[in-house]
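Residue numbers (the numbering used here), protein chains in the order written: chain G, 348 to 580; chain R, 62 to 346.
The beta carbon of each residue, even a glycine, is placed where N, CA and C say it ideally should be.
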């Protein structure tokens, strides 16, 4: 469980998040929704320790992580798929995956077999440079790279941004299946409503640097007024 | 004038220059730290050899001690100074420049301003017919090539190198994959300084060891990086060969002053025409 209380952070002097409160329950996929510039990416980066927590606390399974370095947070079991994917273009697919194993000091290559089973394309193209991949394939690689370290929780920042619609659906189904199979907790920042419907069970809405509303996806199916209010869909 | 010894002399100079520039490049490429004290670390490597010989230790002991002592010094410098100014190139120039002055004065206090001499491990010459050449210079070249190849191997073939290159390309993403970027910075800085120390000890028998010797390698070292391109390690090979080759050959054939003028004109032209350096376009990102 990820518990966030009174979280305040931002860039330098500019405060983006103020007094964010929320709980991300274990074993569920939670979507974080909201318009651009509302603080969603800032929120994810603050959890990951990439931005400094100015006030408040972030507890992961009871342990305070808001003062830890990014690599320590990662080693505690929080995987991160950044916005824009950020694969290492000059490295091969296998090198991208191995980096995650090395970072987590995992000697065994068993994780690799599991990843290849989930994403066969990565096995076929293991020796290809990641930079030659399409956006969707890079997204798959970025997700696989986070999953290979066997995290307890996965943070995904706009996984469908700039990706072909056909692959978006495929990635959504795959993530939903993996979450179901492994019981992985996922927090996904997403504006694509179809993607949210495919994978998430709950939704949080962010506006002006605060979590302002939440609901389950089934409620969202019955009544989309929240979507209209916070996304102007 | 026999042409082969001239080329061999140029080659040994080029190889030492590449060793110095490699250390500079690792530190700059990885951490954005422009280390103005790199020349002094090279100098201290030579002084460790002077010390070792004054205590009657064999040459090889000096070669082992120099990278250890200078690498340890690098660790202290990283923890005490560099760590606080990562990725702030202008501040690193000022801070490390100050450090270079302090290190130079420290050596003057300990050894005096005069030059010291180091005795090479072998003083014979290789003689083949009319051709003869000092054996130690050949050993120096072989050792330099092995060190350069070893450094490339570490950064291009090992797990450590893969992580180091990941940290260079995308530090935040590397950290999010569990890689301790601070530790990688520290290890790379120590490797870069240890290389400088070893280069200083290796070259000590061939030059006059004095407190000012660092600058003579620092400036062409930086020029090599600018000419070759501060991205791929191979840029140092190209840059070092051009800068060192022109400097050394023209100094012999025409005059040292002409050689320096030519080096700067070539460097300015290359930087003007290809601001990223000759191999800089393939910068890993």
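Positions along the stretch 229 to 248 of chain R whose CB lies within less than 9 Å of some CB in chain G: 230, 231, 233, 234, 235, 236, 237, 238, 239, 240, 241, 242, 243, 244
Contacts around residue 385 (chain G), its chain only, beta-carbon distance under 8 Å, and the 5 residues preceding and following it disregarded: Taking the first residue of the first chain as 1, we reach residue 385 (chain G) at position 38. Cβ within range, chain order: 553, 554, 555, 556.
Residue 339 (chain R) to residue 326 (chain R) span [Cα, whole Å]: Taking the first residue of the second chain as 1, we reach residue 339 (chain R) at position 278. Taking the first residue of the second chain as 1, we reach residue 326 (chain R) at position 265. Going by the C-alpha atoms only, they are around 15 Å apart.
Minimum Cβ-Cβ distance from residue 124 (chain R) to chain G less than 8 Å: The residue given as residue 124 (chain R) occupies position 63 in the second chain. No, residue 124 (chain R) does not count as interfacial toward chain G.
Runs of alpha helix (DSSP H) lying entirely within the stretch 249 to 290 of chain R, each at least 4 residues, in chain order: 276 to 289
Rounded straight-line distance, which links the Cα of residue 236 (chain R) to that of residue 228 (chain R): Locating residue 228 (chain R) in the second chain gives position 167, where the first residue counts as 1. Locating residue 236 (chain R) in the second chain gives position 175, where the first residue counts as 1. So the two alpha carbons sit approximately 8 Å from each other.
C-beta atoms of residue 427 (chain G) and residue 380 (chain G) nearer than 8 Å: Translated into the one-based positions of the first chain, residue 427 (chain G) becomes position 80. Translated into the one-based positions of the first chain, residue 380 (chain G) becomes position 33. Not closer than 8 Å, so no.
Contact residues within the stretch 203 to 225 of chain R, judged by C-beta distance below 7 Å to chain G: 220, 223, 224
CB of residue 121 (chain R) within 8 Å of CB of residue 105 (chain R), strictly: The residue given as residue 121 (chain R) occupies position 60 in the second chain. The residue given as residue 105 (chain R) occupies position 44 in the second chain. Result no, Cβ atoms of residue 121 (chain R) and residue 105 (chain R) do not sit closer than 8 Å.
Proximal residues, the stretch 448 to 461 of chain G versus chain R, C-beta separation under 7 Å: 449, 450, 451
Option in G:430, G:459, G:446 with minimal Cα separation from residue 482 (chain G): Locating residue 482 (chain G) in the first chain gives position 135, counting from the first residue. That would be G:430, whose Cα lies nearest to the Cα of residue 482 (chain G).
One or two residues paired with residue 195 (chain R) in a DSSP bridge: Along the second chain, read from residue 1 onward, the residue named residue 195 (chain R) stands at position 134. DSSP, once it has assigned bridges, lists R:186 as partnering residue 195 (chain R).
For residue 370 (chain G), the residue or residues it bridges with in DSSP: Taking the first residue of the first chain as position 1, residue 370 (chain G) is located at position 23. Paired residues: G:350.
N-terminal and C-terminal residue of the beta strand (DSSP E) that residue 557 (chain G) is part of: Position 210 of the first chain, counted from the start, is the residue given in the question as residue 557 (chain G). Per DSSP, residue 557 (chain G) belongs to the beta strand (DSSP E) from 557 to 563.
CB contact check: residue 427 (chain G) to chain R, cutoff 8 Å: Within the first chain, numbered from 1, the residue matching residue 427 (chain G) stands at position 80. Taking Cβ atoms only, chain R reaches closer than 8 Å to residue 427 (chain G), which makes this a yes.
Beta carbon proximity, residue 473 (chain G) to chain R, threshold 8 Å: Indexing the first chain from 1 puts residue 473 (chain G) at position 126. No, because no Cβ of chain R sits closer than 8 Å to the Cβ of residue 473 (chain G).
Outcome for residue 485 (chain G) when other beta-carbon atoms lying within 10 angstroms are tallied against a minimum of 16: For the purposes of this step, residue 485 (chain G) is identified with residue 138 of the first chain, where counting begins at 1. That one is buried.
Residues that residue 435 (chain G) contacts on chain R, provided the C-beta gap is smaller than 7 Å: Against the first chain, residue 435 (chain G) aligns to sequence position 88. The answer, in chain order, is 227, 230, 231.
Interface flag, residue 345 (chain R) vs chain G, CB-CB below 8 Å: Working through the second chain from its first residue, we reach residue 345 (chain R) at position 284. At residue 345 (chain R) the pLDDT is 41, less than 50, meaning the model places this residue with poor confidence and gives no usable figure here.
CB of residue 458 (chain G) within 8 Å of CB of residue 495 (chain G), strictly: Along the first chain, one-based indexing puts residue 458 (chain G) at 111. Along the first chain, one-based indexing puts residue 495 (chain G) at 148. Cβ atoms of residue 458 (chain G) and residue 495 (chain G): closer than 8 Å.
Nearest to residue 238 (chain R) (by Cα), restricted to the options R:224, R:68, R:244, R:297: The sequence position of residue 238 (chain R) within the second chain is 177, counting from 1. Nearest C-alpha to residue 238 (chain R): R:224.
Where residue 282 (chain R) falls, given that 16 or more other Cβ within 10 Å makes a residue buried: Here the question's residue 282 (chain R) lines up with position 221 in the second chain. Result: buried.
Any C-beta of chain R under 8 Å from that of residue 578 (chain G): For the purposes of this step, residue 578 (chain G) is taken as residue 231 along the first chain, with counting starting at 1. Closer than 8 Å: no.
Selected residue, minimal CA-CA separation from residue 164 (chain R), among R:182, R:222, R:271: For this step, residue 164 (chain R) is matched to residue 103 along the second chain. Among R:182, R:222, R:271, the Cα nearest to that of residue 164 (chain R) belongs to R:271.
Contact set between the stretch 412 to 424 of chain G and chain R, restricted to residues whose Cβ is under 9 Å from the partner: 416, 417, 418, 419, 420, 421, 422
Distance CB(residue 560 (chain G))-CB(residue 375 (chain G)) smaller than 8 Å: Within the first chain, numbered from 1, the residue matching residue 560 (chain G) stands at position 213. Within the first chain, numbered from 1, the residue matching residue 375 (chain G) stands at position 28. Result no, Cβ atoms of residue 560 (chain G) and residue 375 (chain G) do not sit closer than 8 Å.
Proximal residues, the stretch 367 to 397 of chain G versus chain R, C-beta separation under 9 Å: 392, 395, 396, 397
Assumed close pair residue 208 (chain R), residue 259 (chain R) - CB separation to whole angstroms, cut-off 8 Å: Counted from its first residue, the second chain places residue 208 (chain R) at position 147. Counted from its first residue, the second chain places residue 259 (chain R) at position 198. Residue 208 (chain R) to residue 259 (chain R), Cβ: 7 Å. Contact.
Proximity below 8 Å, CB of residue 543 (chain G) to CB of residue 506 (chain G): The sequence position of residue 543 (chain G) within the first chain is 196, counting from 1. The sequence position of residue 506 (chain G) within the first chain is 159, counting from 1. Against a cut-off of 8 Å, the Cβ pair of residue 506 (chain G) and residue 543 (chain G) comes out as no contact.
C-alpha distance - residue 195 (chain R) paired with residue 301 (chain R), whole-angstrom precision: Here residue 195 (chain R) refers to the residue found at position 134 of the second chain. Here residue 301 (chain R) refers to the residue found at position 240 of the second chain. Distance between the alpha carbons of residue 195 (chain R) and residue 301 (chain R) is about 23 Å.
Straight-line gap, residue 70 (chain R) to residue 328 (chain R) (C-alpha atoms, nearest Å): The residue given as residue 70 (chain R) occupies position 9 in the second chain. The residue given as residue 328 (chain R) occupies position 267 in the second chain. If you take the alpha carbons of residue 70 (chain R) and residue 328 (chain R), they lie about 22 Å apart.
Span separating the alpha-carbon of residue 363 (chain G) from that of residue 388 (chain G): The count along the first chain starts at 1 and reaches residue 363 (chain G) at position 16. The count along the first chain starts at 1 and reaches residue 388 (chain G) at position 41. Whole-angstrom Cα-Cα distance: 10 Å.
Any C-beta of chain A under 8 Å from that of residue 446 (chain G): Here the protein chains are G and R, and chain A is not one of them.
For residue 204 (chain R) and residue 345 (chain R), the rounded distance between their alpha carbons: Indexing the second chain from 1 puts residue 345 (chain R) at position 284. Indexing the second chain from 1 puts residue 204 (chain R) at position 143. The pLDDT assigned to residue 345 (chain R) is 41, lower than 50, so where the model puts this residue is not dependable; a value taken from the coordinates is nonetheless given after this. One C-alpha to the other measures close to 29 Å.
Proximity test, Cβ basis, 8 Å: residue 496 (chain G) and chain R: The residue labelled residue 496 (chain G) in the question sits at position 149 within the first chain. So yes, residue 496 (chain G) belongs to the interface.
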